[in-house]
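Below, the structure written as structure tokens:
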């Protein structure tokens with residue numbers, strides 16, 4: 001076919017996976033021994049461990065600690081091929097995907113494109129806020145936080161100074177509370193040593209949550225404990241409150257109050273990242289593809305979707321599975337086994353999700369966890385939950401190198417209460433604020 005990208009034809013059915021997140025990577029691994037050709041397409045050449053992006057953003061980990069190249073992860077898998085490209089559309093009739101490097105044909109197509117930040121149509125918010133959905137976002141936030149303090153040293157105006165020191169986090173889910181806890185630790189243990197001229201009693205951290213509790217979806221114990229921990233750390237939590245607008249300086253809340261902050265971190269919601277070309281009726285609210293119990297996209301026999309982009313309705317999950325790592329991992333592995341069944345002439349089996357619980361950390365020795373074992377749920381908090389959170393995240397990293405690097409970084413941070421990755425490389429969210437130059441002072 002004219003325009004097809006050159007990929008060796010193995011004479012086997014080709015499974016094209018779009019997106020190398022948790023679901024896409026797990027599927028590629030599950031097909032290692034299958035009589036297929038696996039082609040993974042992603043606009044990055046690495047897998048990023050998204051649950052720890054906030055640690056990169058708050059100088060706790062280096063970005064290299066949480067990423068691993070696809071080719072290194074799967075370099076022993078002979079049926080695996082990777083292409084660095086962005087998929088722009090799908091042609092289900094011709095069974096090809098159009099990408100930035102040309103057309104790529106498929107026999108089976110799996111969409112694992114994940115999700116992106118949902119600003120609910122607020123263009124001003126999208127322009128001025130910082131989200132954490134990628135490694136680039138995390139680095140930009142780290143640069144912005146550090147640049148704020150560098151600039152604060154130059155400001156004499158009290159309001160301008162405070163605008164640099166204050167942070168507003170929109171969203172009280174795991175990402176929101178984890179960022180708040182990490183910023184609080186920086187405020188207490190790290191920044192006062194670096195910026196001795198600044199009074200860090202003036203640094204305010206706000207978490208704005210639209211609902212009545214933090215960590216919605218977790219247990220009442222987790223919600224209550226996370227609120228208790230944040231208050232103990234000096235974080236101001238606004239429950240049942242929404243941000244109406246943000247112009248890059250003034251945060252206006254729906255209760256009429258205003259906060260002044262140069263940095264607003266958006267952790268308030270996500271929306272699917274679909275690709276053009278499929279029928280409109282298979283795309284539901286939230287930009288998620290409607291899939292059946294086998295992960296097939298509604299109306300298609302050989303197009304599948306897994307992870308955040310997929311909405312699989314069941315009696316237990318009428319709104320689909322949670323948009324977190326575990327459903328994506330399980331769907332990727334399950335689909336791999338189902339494709340092998342289909343190729344062997346066997347019937348595919350309905351996906352069954354095993355909820356293993358959820359957890360969040362709110363700083364050193366403070367965490368909450370809802371853990372499920374043998375049909376029972378256990379609610380942990382404090383130091384034991386923090387240990388569980390740390391262990392699970394270390395062993396879940398893709399490569400051995402990542403596990404070792406993160407373990408030693410966390411051990412160093414724990415015993416020294418220092419985060420040594422405080423460097424500014426790359427862009428910040430906002431341009432540098434110029435000093436009042438009416439009278440040039442000698443410094």
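Residue numbers (the UniProt record's numbering): 1 to 443. Glycine included, each C-beta is placed from N, C-alpha and C at the ideal position. Bear in mind that the values here come from a model prediction, so they are computed numbers and not experimental data.
Item: Pair within 7 angstroms by beta-carbon distance, residue 143 and residue 392; Value: no
Item: Backbone secondary structure at residue 350 - three-state DSSP; Value: coil
Item: Chain-order list of residues whose beta-carbon lies under 6 angstroms from that of residue 229 (same chain, five-residue window excluded); Value: 362 and 366
Item: Neighbourhood of residue 219 by C-beta, 7 angstroms cutoff - its chain only, sequence neighbours within 5 removed; Value: 370 and 379
Item: Distance CB(residue 167)-CB(residue 263) smaller than 7 angstroms; Value: yes
Item: Residues of its chain near residue 128, where Cβ-Cβ distance is below 7 angstroms and the 5 sequence neighbours each way are ignored; Value: 246, 247, 248 and 264
Item: Between the CA atoms of residue 69 and residue 111 - distance to the nearest angstrom; Value: 20 angstroms
Item: Residue 276 - containing beta strand (DSSP E), residue span; Value: No beta strand (DSSP E) holds residue 276; DSSP gives it neither H nor E.
Item: Best match in 71, 58, 36 and 146 for proximity to residue 42 [C-alpha to C-alpha]; Value: 71
Item: Host beta strand (DSSP E) of residue 129 (start-end); Value: From DSSP, residue 129 is part of no beta strand (DSSP E); its letter is neither H nor E.
Item: Segment contact, 8 angstroms Cβ cut-off, at least three pairs: the stretch 170-177 with the stretch 74-89; Value: no
Item: With 16 other Cβ atoms within 10 Å as the buried cut-off, status of residue 148; Value: buried
Item: Paired residues, beta bridge with residue 76 - DSSP; Value: Answer is none; residue 76 lacks a bridge partner.
Item: Opening and closing residue of the alpha helix (DSSP H) in which residue 137 lies; Value: 135-152
Item: Range of the contiguous beta strand (DSSP E) that encloses residue 102; Value: 102-105
Item: Contacts around residue 300, its chain only, beta-carbon distance under 8 angstroms, and the 5 residues preceding and following it disregarded; Value: 92, 278 and 282
Item: Per DSSP, cross-strand counterpart(s) of residue 98; Value: 89 and 103
Item: Validate contact between the stretch 144-163 and the stretch 309-328 using beta carbons, cut 8 angstroms, 3 pairs; Value: no
Item: Close Cβ partners of residue 30 (< 6 angstroms) along its chain, the five nearest in sequence each way excluded; Value: 333 and 336
Item: Given 8 angstroms, three or more beta-carbon pairs between the stretch 196-203 and the stretch 343-362; Value: no
Item: Continuous beta strand (DSSP E) stretch holding residue 69: start and end; Value: 67-69
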